[in-house]
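Dropping the structure here:
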């Protein structure tokens with residue numbers, strides 16, 4: 002059981018969520034994009050949000066500045082969050098432009114807001130669950146995307162809602178977070194996505 006929950010924690014690590022959202026966006030949106038263009042955007046966002054953070058984690062772990070990729074100690078979260086905020090800022094200013102990807106741009110903007118909120122909490126020694134932040138933000142984004150385009154993705158959303166429960170359970174089982182930290186993370190991921198809705202709903 003422990004192995005299963007570890008796999009869930011790795012699969013839905015927050016660094017993978019932006020790539021999932023980008024893929025989900027291209028699968029749902031009726032906007033016409035060239036296939037090669039889609040692939041380029043997915044690869045670019047993956048480099049920024051997955052590979053750069055992984056390299057950072059490796060360096061920080063090598064210099065014993067963090068214990069693991071899950072960064073359980075609240076004090077160790079500052080540098081990864083500073084870098085991730087910078088990465089997200091570069092994405093919304095240089096990669097995902099509002100004129101071309103209005104909805105996806107707002108997803109990344111909301112994720113940036115959520116990450117800043119996590120950093121502010123860390124400065125006050127409060128550790129919100131970024132796993133819950135990521136998965137709840139992704140689900141909210143896809144729900145609104147399906148409503149906006151009137152596309153039925155009920156099955157996919159049902160699976161992802163189930164994943165919210167599994168992710169939360171895994172973090173509790175592995176003693177990475179308390180229930181309160183999971184709830185805080187959930188709302189930090191969910192609320193910013195709602196705040197940007199007025200822009201395209």
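Residue numbers (the working numbering): 2 to 202. Quick reminder that beta carbons are idealized off the backbone N, C-alpha and C, glycines included.
Item: Touching by the beta-carbon criterion (3+ pairs, under 8 Å), the stretch 81-93 and the stretch 163-172; Value: no
Item: N-terminal and C-terminal residue of the alpha helix (DSSP H) that residue 22 is part of; Value: 18-29
Item: Residue 106 - DSSP class collapsed to helix/strand/coil; Value: helix
Item: Cβ shell of residue 171 (< 6 Å), same chain only, five flanking positions each side left out; Value: 6, 9, 10
Item: Top-ranked residue by Cα proximity to residue 26, from 13, 133, 103, 182; Value: 103
Item: Where residue 193 falls, given that 16 or more other Cβ within 10 Å makes a residue buried; Value: buried
Item: Residue 127, buried or exposed, once every other Cβ within 10 Å from all chains shown has been counted against 16; Value: exposed
Item: Nearest-angstrom Cβ-Cβ length linking residue 43 and residue 24, presumed shorter than 8 Å; Value: 6 Å
Item: Residue 182 - DSSP class collapsed to helix/strand/coil; Value: helix
Item: Given 8 Å, three or more beta-carbon pairs between the stretch 180-192 and the stretch 133-148; Value: yes
Item: Beta-carbon gap between residue 96 and residue 49 smaller than 8 Å; Value: yes
Item: Residues near residue 215 by beta carbon distance below 8 Å, same chain, minus five either side; Value: Outside the modelled stretch of the chain, which goes from 2 to 202, sits residue 215, for which no answer is possible.
Item: With 16 other Cβ atoms within 10 Å as the buried cut-off, status of residue 100; Value: exposed
Item: When 114, 130, 145 are compared against residue 175, the one with the closest alpha-carbon; Value: 130
Item: Spatial distance of residue 118 from residue 156 (CA atoms); Value: 31 Å
Item: Three-state secondary structure assigned by DSSP to residue 204; Value: A question about residue 204 goes unanswered here, because the residues of the chain that appear run from 2 up to 202.
Item: First through last residue of the alpha helix (DSSP H) which encompasses residue 144; Value: 131-150
Item: Euclidean distance between Cα positions of residue 116 and residue 30; Value: 25 Å
Item: Member of 177, 81, 196, 46 whose CA lies at the smallest distance from the CA of residue 3; Value: 177
Item: Integer Cβ distance of residue 58 from residue 40, believed to fall under 8 Å; Value: So it is not a contact: roughly 26 Å between Cβ atoms.
Item: Whole-angstrom distance between residue 154 and residue 19, CA atom to CA atom; Value: 19 Å
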